[in-house]
Every structure is written in structure tokens, then in C-alpha cells.
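Residue numbers (my numbering): -18 to 544. We treat Cβ as the ideally placed atom computed from N, Cα and C, and that holds for glycine. Working notes, beginning with the structure itself.
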Amino acid sequence: MDISTIQYYDSQGEEIAKRYEAVESPVSQYFSHAFLPGSKVLEIGIGSGRDLACLLAHGFDVLGVEPSSTLRDCAVHFHPELAGKVLEGALPELNLNKAVFDAVLCSAVLMHVPSSVLFDSALKIRDCLKANGRLLLSLPLERGDTNDRNRDQHGRLFSPYTPDQIETLFTRLGFVLVSQWDTDDALSRTSTSWFTQLYEYRAHTGVRPLDQIEAVLNRDRKEATYKLALFRALAEIAQVNERSAVWLTNSRVGIPLALLANCWMRYYWPIVASPEFIPQSNAEGRNGKRMKFRAALRNLINDFKDQGAHGGLTAWYLEGLSNPKKASTMLKQVKALKAIADTIVAGPVTYAGGSLEGGAIFEYDTVSKQVLVPATLWRELILMGHWISEAVILRWASLTAKFGASKGVGIEQVLPLLVVSPEPERATNPARKAFEKAGLNRCTWTNKKLSKGFAVDHAIPFSLWGNNDLWNLLQSDPKVNLNKSDKLPTIELLEERRIAIFEDWEILREELPTVFDSQASAFLGSSVVSLNADWKTELFRIFKQSIEITAMQRGVSRWQGIN
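As C-alpha cells, this is what we get:
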């Protein structure tokens, strides 16, 4: 805390304490909302003792610290019941012998802390709190009596910290803002107002979920691209198949290992199929031990290698949609997926986060066959997955280039392989054939008769989700499809065209029942078959919700349709 400010309070403390005692506390109105009954509360900077005495009177177990000896004496004078409950202490050092509290009150204090020690002060506050503890703080929202050095006429420091600045600071330390209030000055000083914020401390290590991800990507030892592939798959599932996750009661979320393995197969297919060897580990870069599932995946790719670009990736995808794979091909796919799944569990699930203070991040449940992810991290992936995925792809390309430097492998060569997906035009062919067979001759979006063929539209644009699932494919007039482009339909349009969308889904499910049910069930997080006659209503609800969330998160333009 600023020395000149403490010296002022030491010399003028008695007069200041009288002024404080003459007015009602501006933060006491929030105590019952902020703190649970009977909580052990620490007040940092007690001033006249007014708020500490109020807390004590309301049944809280209290302790107060104050750097000014004059104010400490005044506090006990005005409130004798505080005797033995007031200690000397100033941020960023409080000397509390590692005591922890259910809550901290820090009212009108942090503005007296220089910016050079603000982080250390916030860190000390965090260290005083138990997990899920509460912090109530107040600071000036504006103050009109300071000079260009942020000091008033008495030399007191009033650092001009803004609400956003303080929220950013505490959020980075594991706090979540619960509430904020703006109020006038209790002493009726002109040009002075205050903001009060209530936080809850959610992270034991102080590392936010996004920081956990960043720490793994930056600090964890990476002998292979596996950790990057795991985070990419989790980010994709959080965006497209969020409901396949199972929220557990122990602050964990279960992600099906099979779903992760399928993502990996798509990611690594173009790399393994490349005519030029693209190393995916340090060992491979040194001509050493090969990636654990490379041989099994290569064996599967050999069945499609002459059927198009990137080892026949699109052909493999389409065969899974329209025709059952040959028994020999299915056996190869099962073996490849098992090798990938074993690698996921033995590699990144076991070791990701080993460099962090809290240790490994993930677990594997052998009974449910789910990878267990902290709920806080899963929420971050839901909110930020599309950004995380893009960042991971770039780092994957960079790491691969590092592994392959001696072989002349560069980022510009790897990056295109990491963004390959089944060709949208060809991937929609099974849906096109189903619509043609049904003889439906109208545009789903306009209900107008089709005059010159039709387009298969990705309701959620391929550019946003990269999703070719049947439930996302609708019959459209080519001009309407061009007008819609990469926009997302409005909720009003979806509701208006609900029955037409249902008709398209019925056609696709009748023609491709196994594939449709598998894809829709993954999207819903529950079996389509178990929903019986309600399957269209439930699928439409989640479909509409996903479009709305995607529009909000990605800032996508909305499409109202055309007449």
C-alpha cells in the first residue's frame, strides 16, 4: 500500500474515522447477498471499523487488518467489541500465517495500491480465500479531485482502476464476477462515485481453463502431435456434438473415446496418406519409432488410395454413408480406430498437463469408455472452441515442421493437410440421390416449385461447422442457396419452414436410416430411436438452438429468406 497515504491516515485518522462513523456504510447493504451466514470474513483495510463491526453484529466470524495505527486505535475506540479482532497489515503483505477465510471484504482500499504491486495484492487476496470463497470490493468509479499523478490535495494515492480492469485482473486469478453495483459517494463528495463488485473464487490453482489449455500447448513437453490433436478434437466436439458429452456430478464431463478416435482418424488420414512422409513425432523425425497407429491407418487407407485426393478421404467418407463397407475394410477400420483410441488414452489423456501445478488434466474411465474433462475446461471449449481449434491447427503445423526440418518439411506443406475434409460437393451426393428418388419438387426455404434442378444446402454453413451430416442438408433452389451463402437462417424463418424441414429429414432417414440415426443421435446426445414419434420435434429444437448459439458466438449474419 502507498506509504504517503498511510502516513496521511496516521496523522488525520481521528478526524477521518469520525466522518466515516457519521454516515451509513455504502457496502453493508450487500453483506447478506455476498456472504453465507456464519462465514469467516477477513476485512482488509478496516478504516474506522464500521463495516467490521456490522459484520460481527450480523453473526459473521471476523478479523480485520489495517496499516494505519491511528485508524486501528479508532476502530477499537468506536467499537470495543472489535478488541482482539484487529491486526496490523497492508497489501500486498498481510502476515496472516497462511490463514484462509470464507470471504474477504476490501472496500475503498485497492485505489491506494500502486499499479506496481496491484497483481501481488490481488494474489494475496486470492491466497486468503478458500475454494469458492467470496470477495466483495469497492473502488471509485470516478473521482474529480486528483492531479496528473493520481493524488489528491493531501497526497493520498487514488489509482484510477476501472471495473473492467479489475475484473480482468481477478478473472485471470481464478475468480468469477457474480454481481456489480454502481453507487454515489456516501460522504456526498462531488464528482465522486463508486463501483462495488462481488466475486467467487473458483480455481484452486488460479489458472483459468483457457490458461490451462495455453499452458499445455506451450509448456508441456511435446514429443508428438497427440496433445494438439486431443484439444482439436475436444474443441470440435464441443462445437458440433456438445450433447454427446455427459455432465457428471464430480465437476467432470465425460467425452466418448470413440468420438475422439473418429476425429483423429479424419485429422491424421491426409497426413498418413501423403506421398511424402510427414513425421508426427520427434522419433519419426529422426527415422526412429513410428507413430503407434500409423501402420493400422495406412492399411485402411490402402483400400481407398486410388479413389481420389488425400488417399481417397472423401471416398472413405461416402462409402460409410451409402454402402456398408466390405468386411475386410471394416476389420481394418476397427483395428485403426482401436490403435488410435489406445494412443489417446496412453498418451495425451495420461500426460497432458503434467507441467502444470495441478498435474494431469484428463482421466479415462474404463467402465464408461469416456475421457473425463474438468467441467470448467469443457465450458471454455464450448464458448471458445472455434478459436481454440484454429490456434491448435497452426501450432500443429509448426510442431510438425519442427519434427520434419531435417526432411525439408515446412509449415506451408503441412497446413493444407490439416484443414482437409471430405469434399462438401461430393459428400452431399447421398442426400441428393435421396431427394431425387423421393421426387420432392420444391425448395425447402421458399416452398416454391423447382424449375431447373436443385442444390443441397448446408443449413449450418460448411464454412462454420464443416458438417456434412444428413440432418444439416436441405433441398434448395440454386438461386436461393446462392443468396443464403454462409449466412444462418433466422429463428422466424426456421419456424416458418419447420414442416418442410421435417419432410426433408423424413426422406433422408427413410433412404439412409442407419447413417441418419447415427448422426442425429450424436448431435442430440440421445438415441433418435428412443424418441419414437417425437424425434423430429426434439431434433428441430436442438437444430434451432445450435443455429442461434453459433450466430451469437461467431457473429454470423442472419438470413431471413427470399420471396
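The stretch 205 to 212 makes no contact with the stretch 143 to 150, as fewer than three CB pairs between them are under 8 Å. Counting C-beta atoms within 10 angstroms of its own C-beta, G340 has fewer than 16 neighbours from the protein chains shown and is therefore classed as exposed. Exclusion of the five residues before and after P329 leaves Y207, K208, L211 as the residues of its chain whose Cβ lies within less than 6 Å of its Cβ. Each of G542, G536, A501, S511 was checked against the Cα of F524, and the nearest Cα belongs to A501. C-alpha of C424 to C-alpha of E473: approximately 17 Å in a straight line. Beta-carbon to beta-carbon, L52 and Y(-10) are separated by about 6 Å, close enough to satisfy the 8 Å threshold.
Between the stretch 34 to 45 and the stretch 95 to 115, the count of C-beta pairs closer than 8 Å stays below three; the two stretches do not touch. Counting the other Cβ atoms within 10 Å of the Cβ of E361 gives 16 or more, which makes it buried.
Assigned with DSSP and collapsed to three states, S499 falls in helix. Apart from the 5 residues on each side of it in sequence, T409 sits with its Cβ closer than 7 Å to the Cβ of V437, N449, L454 in its chain, given in chain order.
Restricting attention to F443, Q134, A254, E344, the CA atom closest to the CA of G235 is found in E344. Take L68, set aside five residues on each side of it, and the residues of its chain with a beta-carbon closer than 6 Å to its own are V46, in chain order. With distances taken between CA atoms, M272 lies nearest to I252 out of K350, S457, I252, A333. Closest by C-alpha distance to H93, out of T(-14), L451, L33, is T(-14). Shown here for K270: same chain residues with a beta carbon closer than 6 Å to its own, the five before and five after excluded, namely A264 in chain order. Nearest to A71 by alpha-carbon distance, out of T164, K414, D515, E24, is E24. Residue state for A84 is assigned as strand, using DSSP reduced to three classes.
Under the criterion of beta carbons closer than 8 Å, P121 and F139 qualify as touching, at roughly 6 Å.
Remark: C-beta atoms of G266 and G391 do not approach each other more closely than 8 Å. Each residue's CA atom was taken as its position, placing W540 and N283 some 43 Å apart.
E223 and R132 have their C-alpha atoms some 52 Å from each other. In the three-state reduction of the DSSP assignment, V94 falls in the coil class, being assigned neither a helical nor a strand state. In the three-state reduction of the DSSP assignment, W359 falls in the helix class, which pools H, G and I. H367 carries a helical assignment under DSSP once its states are collapsed to helix, strand and coil.
Cβ neighbours of T381 within its own chain (closer than 6 Å, five residues either side excluded): V395. Taken through DSSP and simplified to helix, strand or coil, T149 comes out as helix. For the set G389, W368, G155, the Cα lying nearest the Cα of F258 is the one of G389.
Rounded to the nearest angstrom, the gap between the Cα atoms of D485 and A356 is 36 Å. Counted as a single uninterrupted DSSP element, the alpha helix (DSSP H) harbouring N464 occupies residues 459 to 465. Here S262 carries a strand assignment [DSSP, helix/strand/coil]. As the crow flies, the alpha-carbon of G289 is around 7 Å from that of A296. Per the C-alpha coordinates, the member of S508, N428, F443, K430 positioned closest to R407 is F443. Boundaries of the beta strand (DSSP E) around A436: 436 to 439.
Under DSSP, P237 forms a beta bridge with Q351.
Distance from the CA of R115 to the CA of F16, rounded to the nearest whole angstrom, comes to 7 Å. Going by C-alpha positions, G28 is about 43 Å away from R233.
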